[in-house]
Amino acid sequence: MKRNSAAALVALAVCSAWLLAGCEGLRFVQAAEEAKDFHPRSVGVLPADVGIYKDAGGRIDDIITEVLSGTKWYAAVIGGAEIRKRIDADEELRKSVDVYLAKLRELNFSDPELCKVIAEFCGIEAVLIPTVDVWEYTMLGGDKVARVGLSMRLVDTKTGKTMWRAGHQVTEEYRFLKPELAAMGRAMVRKMVDRMPH
């Protein structure tokens with residue numbers, strides 16, 4: 049009887065470890081076949097599309113820029129705040145980014161000519177396009193939860209080809225002290241960037 053109990057405990061521990069390891073991955077990751085040979089020296093982070101989650105505006109751009117800069121993979125990382133300044137200062141860049149993102153969103157088409165315009169204005173070889181999927185405190189099944197979700201797309205500005213896409217979401221229950229959404233976002237961005245071609 050003791051032998052069966054020990055075997056059952058070992059089997060339970062192995063299954064639990066396996067399940068937990070599976071939970072450590074991202075919600076989705078997709079890389080182009082050419083991504084293994086894609087090594088940009090510079091990357092620009094477009095200001096994140098935050099949708100209804102206005103509290104994430106600016107914060108998530110800073111987090112992504114800090115995480116990318118911390119990797120030391122790139123000679124230059126142009127953050128969302130800097131690109132926003134350039135967009136506000138130049139009408140041609142603003143139109144190019146607006147039309148590019150509209151085509152990407154509505155037609156799932158990454159326009160190579162508009163990518164080249166963005167690359168020239170920003171001095172980048174790749175552009176990272178983040179979207180905030182969720183950034184909130186809410187109730188879920190009667191429990192208080194903090195939720196942060198993000199999708200990112202890395203595009204080669206020479207060709208307009210999407211080299212990598214990923215999405216992830218984390219949810220944390222709490223009773224009294226709210227988890228900091230920015231801290232949750234930072235941990236999630238690190239996990240996502242670890243899977244990004246460089």
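Residues 49 to 246 (our numbering) are what the sequence shown spells out, left to right.
Even for Gly, the Cβ is constructed at its ideal location relative to N, Cα and C.
Tell whether a beta-carbon distance below 8 Å holds between residue i and residue j.
| i | j | result |
| --- | --- | --- |
| VAL93 | ILE131 | yes |
| LEU198 | VAL237 | yes |
| ALA235 | PRO178 | no |
| PRO160 | GLY118 | no |
| CYS163 | THR113 | no |
| GLY233 | ILE111 | yes |
If residue i sits next to residue j, beta carbons under 8 Å apart, how far is it from one beta carbon to the other, in whole angstroms?
| i | j | result |
| --- | --- | --- |
| ILE126 | CYS170 | 5 Å |
| SER90 | ALA124 | 4 Å |
| PRO88 | ALA174 | 4 Å |
| SER158 | LEU149 | Their Cβ separation, rounded to whole angstroms, is 10 Å, which puts SER158 and LEU149 out of contact at 8 Å. |
| GLN41 | ASP191 | There is no way to answer for residue 41, as the model of the chain reaches only from 49 to 246. |
| GLU221 | VAL193 | 5 Å |
| VAL115 | VAL203 | Not quite, the Cβ-Cβ distance comes to about 18 Å (not below 8 Å), so this is no contact. |
Helix or strand or just coil, what does DSSP make of residue i?
| i | result |
| --- | --- |
| SER158 | coil |
| ALA235 | helix |
| VAL98 | coil |
| TYR19 | Because the chain is modelled from 49 through 246, residue 19 falls outside the range shown and cannot be assessed. |
| GLU81 | helix |
| LEU188 | strand |
| LEU152 | helix |
| GLU228 | coil |
| LEU202 | strand |
| ASP181 | strand |
Short of 7 Å in beta carbon distance, which residues of its chain neighbour residue i, apart from the five on each side in sequence? Order them along the chain.
| i | result |
| --- | --- |
| ARG243 | LEU74, VAL77 and ALA214 |
| LEU155 | none |
Is the CB of residue i under 8 Å away from at least one CB in chain C?
| i | result |
| --- | --- |
| ILE108 | In the structure shown, chain C does not exist; there is a single protein chain. |
Less than 6 Å between C-beta atoms, sequence neighbours within five positions excluded: which residues of the same chain meet that for residue i?
| i | result |
| --- | --- |
| ALA83 | MET211, TRP212 and PRO245 |
Original post:
Is the region 103–111 close to the region 221–228, with three or more CB pairs under 8 Å?
Top reply: Touching, no, given that fewer than three Cβ pairs across the two stretches are closer than 8 Å.
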